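Before any comments, here is the structure.
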Amino acid sequence: MSARLVVAVVVALLVALVGAAAAQPGAGSAVVVPIDGLSPLGPPPGQPAQPAPAQPAPPAPAPAAAPPLAGVTDVQVVAPANDDGRHLEVSFTRAADVAAEVATVIVRRRHGTPGAPPRYPALVADGAWAPSFAGPTPPPLAALAAGATIGPWTVAAVLLGGETSFTDQVAPGHDYEYVVAEVLLDHGVPVAASAAEAIGPRRPEAALVHTGRLGYLAIVALIAGLIAWYVRRARTAKELYVRSLPGVEAIEDAVGRSTEMGRPVLYVTGLEDIQNIQTIASLLVLGHVAEKTATYDTDLTVANYYPLTMVVAEEVVRQGYANAGRPDAHRPERCLFITAEQFAFAAGVSGIILRDRPATNIYLGCFYGESLLLAETGFVTGAVQIAGTAELTQLPFFITACDYTLIGEELYAASAYLTKEPTLLANLKAADAFKIVAMVFIVVSVIAATGGWFDLGGKVFP
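For reference, each letter of the sequence shown is one residue, going -6 to 455 in this note's numbering.
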């Protein structure tokens, strides 16, 4: 009996231990979670296993809210000082902590343009242009750029960063309205806008006096005063001193030499048309030469590059002969139109020099690459040659091959030397006096700027 009792006690203890272990979760046994419609041990016999339903995706995070747009304040539209009547300056105040993606948009329209009310609470509303701003049928949103149109409005500027002013170019004589607002841009396209500030109408105004150019007015007044003073001196029979120009003084001697040798005088007016200042200066000297040849009864040949120059030169020579009291001696056929081709002209004039062998050749005017050809041909014939031009690249050839050369502005002064006309002499003396004033001004400005005292040139000529 005792052996059976011991076995029964041991079995009871083992059963108790197994039951306690099964009652504790996570103690090495798998926990089976029942699913609706299925037994813990699997699907009913004869039925396939059903997949578990998909779990719903977590909701997407809400988009970040757009930064608040504070807008602009203190909008002003004024005509700039010293303006020509074609500009309006728009200025405003922005908050100090504006985000980099926020731009200031300035739009304008002519005053009285229909299609929008006078007040604009916003530019952008519900992802489109606000009807209160762009009209009942607003265009779709697009990238903003200067010159784009939004209903009745035109974009004047899109300002980024800390810019708080803009000068708009407009048509003169019209009134304009402006609207300024901050706009949040996404790749250049507005997605939100602040309350708009409207101002107008404003009209551009031209300044009566440009105060920044009074220095130029002073120059004009100075030159006019010098000319008037020297004209008065010249007309009061007080001789004005001018330095001698050997080339000008040699003209009369050269004409006399042609008379003694019985050979003609050749005069070339250059290669530019009548509106060129060098051609005009040459024709003024031609009148004096024609008067001298008429007085000495010497033939004068005038070679011209342009037909219109030939016509004017013929009239100048006619007047010169009339001034000498010998209008009957004038021969119009001696005023020649050669050709308007550069080196064909040089060949034609060279042919005249070699055939007629004039004793005096005068080249005054604008010359180019043909200058050396003409001067060398005249040098070969032994003629007295007087040249003058303002073309710096041709002066070395004339200086080398000619007896006398008028350099640069000496060509322009030659007519004043020859005629002694008071007005021409006064202009010449006034130009010399102004050059002295200009040189003094430049020297003083350089010294002042080098010393760091003041910018004289910037103050007088801003």
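Where is the CB? At the ideal position from N, CA and C, for every residue including glycine.
Nothing here was measured: the structure is a model prediction, and the numbers come from that model.
Length at least 3, wholly inside the segment 147 to 201: the beta strand (DSSP E) runs in chain order: You should have 158 to 162, 169 to 179, 182 to 186, 190 to 195.
- In three-state DSSP terms, what is F447? As a first step, residue 447 must be located in the sequence shown, where it is residue number 454. F447 falls in the coil class under three-state DSSP.
>> Applying the 10 Å Cβ sphere with the 16-neighbour rule, what's the burial state of M432?
In response: Here residue 432 refers to the residue found at position 439 of the sequence shown. By the 16-neighbour rule on beta-carbons within 10 angstroms, M432 is exposed.
With distances taken from CA atoms, which of A138, T142, A136 is nearest F126? Counting from one through the sequence shown, the residue named residue 126 turns up at place 133. Selected option, being the one with the closest Cα: T142.
(message) Which residue marks the beginning of the beta strand (DSSP E) containing R101, and which one marks its end?
(response) Here residue 101 corresponds to residue number 108 of the sequence shown, with the count starting at 1. First-last of the beta strand (DSSP E) with R101: 95 to 103.
Just to confirm before moving on: does the CB-CB distance between Q378 and F360 stay below 8 Å?
Locating residue 378 in the sequence shown gives position 385, counting from the first residue. Locating residue 360 in the sequence shown gives position 367, counting from the first residue. Here Q378 is not near F360, since their CB atoms are 8 Å or more apart.
Which residues DSSP lists as bridging A121, in chain order: For the purposes of this step, residue 121 is identified with residue 128 of the sequence shown, where counting begins at 1. Its beta-bridge partners are A118.
May I ask you to report which of helix, strand or coil DSSP gives Y361? What you label residue 361 is simply residue 368 of the sequence shown in a count that begins at 1. The answer is coil: DSSP assigns Y361 none of H, G, I, E or B.
Original post:
CA-CA distance, A59 and E175?
Top reply: Translated into the one-based positions of the sequence shown, residue 59 becomes position 66. Translated into the one-based positions of the sequence shown, residue 175 becomes position 182. Bear in mind that the predicted position of A59 carries a pLDDT of just 49, short of 50, making it unreliable; the figure below should be weighed with that in mind. One C-alpha to the other measures close to 13 Å.
**OP:** Taking S343 as part of the alpha helix (DSSP H), name the residues at either end of that continuous run.
**Re:** Stepping through the sequence shown from its first residue, residue 343 is reached at position 350. Looking at the DSSP string, the run of the alpha helix (DSSP H) that includes S343 is 335 to 349.
Quick one: what does DSSP say Q69 is sitting in, helix, strand or coil? The residue labelled residue 69 in the question sits at position 76 within the sequence shown. Q69 falls in the strand class under three-state DSSP.
Exercise. Does DSSP put I379 in a helix, in a strand, or in coil?
Worked result: Along the sequence shown, one-based indexing puts residue 379 at 386. DSSP, read as helix, strand or coil, puts I379 in strand.
- Query: For F336, which residues of its own chain have a beta-carbon under 7 Å away from its beta-carbon, when the five flanking residues on both sides are left out?
  - Reply: Translated into the one-based positions of the sequence shown, residue 336 becomes position 343. Hits under 7 Å: E363.
Can you give me the start and stop residues for the beta strand (DSSP E) that Y397 sits inside? As a first step, residue 397 must be located in the sequence shown, where it is residue number 404. Start and end: 397 to 400.
(message) In this structure, how does DSSP classify N75 when only helix, strand and coil are distinguished?
(response) Taking the first residue of the sequence shown as 1, we reach residue 75 at position 82. In this structure, N75 counts as coil in the three-state DSSP scheme.
Under 8 Å between C-beta atoms of V224 and A419 = Indexing the sequence shown from 1 puts residue 224 at position 231. Indexing the sequence shown from 1 puts residue 419 at position 426. Taking 8 Å as the cut-off, the Cβ atoms of V224 and A419 count as close.
Q | Nearest to A376 (by Cα), restricted to the options P197, P239, L347 | A | For this step, residue 376 is matched to residue 383 along the sequence shown. When P197, P239, L347 are compared, the shortest CA-CA separation from A376 is found for L347.
Beta strand (DSSP E) containing S84: first to last residue? Here residue 84 corresponds to residue number 91 of the sequence shown, with the count starting at 1. Unbroken beta strand (DSSP E) run through S84: 80 to 86.
Check: Are the beta-carbon atoms of G280 and V235 separated by less than 8 Å?
Finding: Counting from 1 along the sequence shown, the entry for residue 280 is found at position 287. Counting from 1 along the sequence shown, the entry for residue 235 is found at position 242. Not closer than 8 Å, so no.
### Message
Just to confirm my understanding: we take F372, look at its own chain, exclude 5 residues before and 5 after, and list those with CB closer than 6 Å. What are they?
### Response
The residue labelled residue 372 in the question sits at position 379 within the sequence shown. The residues A394, in chain order, have a CB closer than 6 Å to that of F372 in the same chain once the five nearest residues on each side in sequence are set aside.
Provide the residue span of the alpha helix (DSSP H) that contains N297, from first to last.
-> As a first step, residue 297 is located in the sequence shown; it is residue number 304 there, counting from the start. It is not in any alpha helix (DSSP H) - N297 instead sits in the beta strand (DSSP E) that spans 293 to 297.
V342 vs A306 beta-carbon contact at 8 Å: For this step, residue 342 is matched to residue 349 along the sequence shown. For this step, residue 306 is matched to residue 313 along the sequence shown. No, the pair does not count as a contact, with Cβ atoms beyond the cut-off.
**Prompt:** Can the beta-carbon of D292 be found closer than 8 Å to that of R327?
**Reply:** If you number the sequence shown from 1, residue 292 lands on position 299. If you number the sequence shown from 1, residue 327 lands on position 334. A distance below 8 Å separates the beta carbons of D292 and R327.
*Neighbour-count burial assignment, H180, 16 or more Cβ in a 10 Å radius*: One-based indexing of the sequence shown puts residue 180 at position 187. That one is exposed.
- Along the beta strand (DSSP E) that carries L329, what are the first and last residues, could you check? For the purposes of this step, residue 329 is taken as the residue at position 336 of the sequence shown. Element bounds for L329: 328 to 330.
Q) Does the Cβ-Cβ distance between R195 and W146 come in under 8 Å? A) One-based indexing of the sequence shown puts residue 195 at position 202. One-based indexing of the sequence shown puts residue 146 at position 153. With respect to the 8 Å criterion, R195 and W146 are not classified as neighbours on the basis of their beta carbons.
One question on the structure: do A63 and S187 come within less than 8 Å of each other, judged by their Cβ atoms?
Here residue 63 refers to the residue found at position 70 of the sequence shown. Here residue 187 refers to the residue found at position 194 of the sequence shown. Yes, these two residues count as a Cβ contact at 8 Å.
Note to self: Looking only at its chain, what residues have a beta carbon closer than 7 Å to the beta carbon of A442, apart from the 5 residues adjacent to it on each side?
What the structure shows: For the purposes of this step, residue 442 is identified with residue 449 of the sequence shown, where counting begins at 1. Correct list, in chain order: D448.
_Please tell me whether T294 and I345 are closer than 8 Å, where the distance is taken between their beta carbons._
Working through the sequence shown from its first residue, we reach residue 294 at position 301. Working through the sequence shown from its first residue, we reach residue 345 at position 352. Their beta carbons are under 8 Å apart, which means T294 touches I345 by this criterion.
Short of 7 Å in beta carbon distance, which residues of its chain neighbour I216, apart from the five on each side in sequence? Order them along the chain. As a working note, residue 216 is residue 223 in the sequence shown. Result list for I216: A423, F427, in chain order.
Practice item. Write down the C-beta distance between A339 and L367 rounded to the nearest angstrom, noting that I regard them as a contact closer than 8 Å. Key: Position 346 of the sequence shown, counted from the first residue, corresponds to residue 339. Position 374 of the sequence shown, counted from the first residue, corresponds to residue 367. Rounded to the nearest angstrom, the Cβ distance from A339 to L367 is 6 Å, consistent with a contact under 8 Å.
| request: Tell whether a beta-carbon distance below 8 Å holds between L152 and A96. | output: Numbered from its first residue, the sequence shown carries residue 152 at position 159. Numbered from its first residue, the sequence shown carries residue 96 at position 103. Yes, the Cβ-Cβ distance between L152 and A96 is below 8 Å.
(Q) Assuming L259 is part of the beta strand (DSSP E), what are its boundary residues? (A) Counted from its first residue, the sequence shown places residue 259 at position 266. Where L259 is concerned, the enclosing beta strand (DSSP E) stretches over 258 to 261.
- request: Express the C-alpha separation of T262 and A317 in angstroms, rounding to a whole number.
  value: As a working mapping, residue 317 is identified with position 324 in the sequence shown. As a working mapping, residue 262 is identified with position 269 in the sequence shown. Going by the C-alpha atoms only, they are around 21 Å apart.
task: Tell me, to the nearest whole angstrom, how far the beta carbon of Y171 is from that of V70; I am working on the premise that it is less than 8 Å.
output: Start at 1 with the first residue of the sequence shown, and residue 171 comes out as number 178. Start at 1 with the first residue of the sequence shown, and residue 70 comes out as number 77. With 8 Å as the limit, Y171 and V70 qualify as a contact, their Cβ atoms being about 5 Å apart.
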